[in-house]
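Position one of the sequence shown corresponds to residue 1 (our numbering), numbered consecutively onward.
No residue lacks a Cβ here, since even glycine has one placed at the ideal position from N, Cα and C.
Only one structure is covered here, and it is reproduced in the block below.
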Amino acid sequence: MWILGQIFSPWGALPPGLDARIEVKHVEKSNDGKLRFIATRHSHWFPLSDVSQVLPDLESVTGQGRINPLFKDPEAPIGRSLQSMRLLASADPLEEHLGRLSLQPVNFISYRICDGTHSAFIKAQALLAQGQTVFWDRWCLPRRLAERRELVDSEVLDRHLMKQLASAGVVWGIESPAYSARGSYSAKEKRKAVRLGTYQSVPDF
C-alpha cells in the first residue's frame with residue numbers, strides 16, 4: 001500500500017510527496033464495516049521529496065479492468081484524485097523514485113515548534129525546490145509516533161529522531177529565539193549535529 005500526501009500551510013503548499021510504503025500483514029473489518037490495515041515491520045515512512053515528475057506516469061486499474069491515468073490533472077492537489085483507494089497498474093515509477101532518493105543524503109530540519117515552524121517550512125520548501133530530500137519531524141514521523149505521542153514511550157521517539165539526525169548529510173538548525181534554550185530538545189539536536197560535523201545554521205525569518 002502506497003501513501004501519497006501534500007502539505008498545505010498558512011505559508012503555502014509543499015509539492016506532493018511519497019509518505020509511506022505499507023506492507024499489509026492482514027486486514028481487520030469492524031462491525032460498522034470499517035477496514036483496518038495492520039502493517040508489518042517492513043513498512044517504511046519516507047522523508048519529504050517532490051514526486052511531481054512521477055505523477056504523470058502512475059496509472060490505476062478500474063473495477064472493469066480499464067487502465068486510466070491516476071492523476072487527470074497533475075497540477076491539482078493530489079487529494080482530488082485520491083479520495084478513495086486506487087489499484088495501481090504498476091508501482092515501478094514509485095520504486096524508481098525511491099531508488100533515486102536512496103542515492104541522496106537527507107537534510108534534517110532541527111527547530112523549535114513554538115517559534116520556528118514558519119522558518120522550518122520555508123527551509124523545507126527551498127530544499128525540495130532544489131530536488132533534495134528532507135526529514136522534518138512534523139511530517140516524517142511514523143504515524144504511531146506522530147499522532148500518539150502521549151501513548152508512546154518518549155525514549156522510542158528520542159531514539160528515532162536521533163537515528164535520523166545521525167544518518168543525515170546536513171542538519172539545518174532554525175536559529176529562532178527559543179532554539180538554543182537550555183533543556184530544549186532542539187538544543188540537544190544542535191549539540192549532537194555539531195559533534196558530528198553536520199550542523200548548518202539557518203537564520204530565523
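Item	Value
Suppose only complete runs of 4+ residues qualify. What are the alpha helix (DSSP H) ranges in the stretch 87-136, listed by chain order?	92-101, 113-129
Just how far apart, CA to CA, sit glycine 17 and glutamine 104?	16 Å
Take glutamate 175 and list the residues in its own chain whose beta-carbon comes closer than 7 Å to its own, dropping the five residues that flank it on each side.	Ser201, Val202, Pro203, Asp204
What three-state label does DSSP hand histidine 26 in the structure shown?	strand
In angstroms with no decimal places, state the Cα-to-Cα distance between leucine 4 and alanine 20.	7 Å
Roughly how many angstroms separate the alpha carbons of histidine 26 and arginine 195, rounded to a whole number?	43 Å
I need the boundaries of the beta strand (DSSP E) containing arginine 21, first residue and last residue.	17-21
Lysine 190 to arginine 100, Cα distance in whole Å?	28 Å
Let me check one thing: in DSSP terms, what residues is phenylalanine 37 bridge-paired to?	Val27
Do alanine 178 and cysteine 114 count as a contact pair if the criterion is CB distance below 9 Å?	yes
Going by alpha carbons, who is nearest to leucine 161 out of Gly169, Thr117, Gly131, Phe108?	Phe108
Can you name the start and end residues of the alpha helix (DSSP H) that tyrosine 185 belongs to?	185-196
Grab me the residues of threonine 133's own chain with a C-beta within less than 7 Å of its C-beta, minus the 5 sequence neighbours each way, in chain order.	Pro47, Leu48, Ser49, Leu101, Gln104, Val106, Asn107
Below 6 Å CB to CB, which residues in the same chain sit around alanine 181 once its five sequence neighbours on both sides are set aside?	none
Going by Cα to Cα distance, which pick from Leu98, Phe8, Gln53, Leu70 is closest to valine 61?	Leu70
So the beta strand (DSSP E) serine 154 belongs to, where does it begin and stop?	Element bounds for serine 154: not the beta strand (DSSP E) but the alpha helix (DSSP H), 154-167.
Nearest to isoleucine 78 by alpha carbon, out of Pro56, Trp45, Ser90?	Pro56
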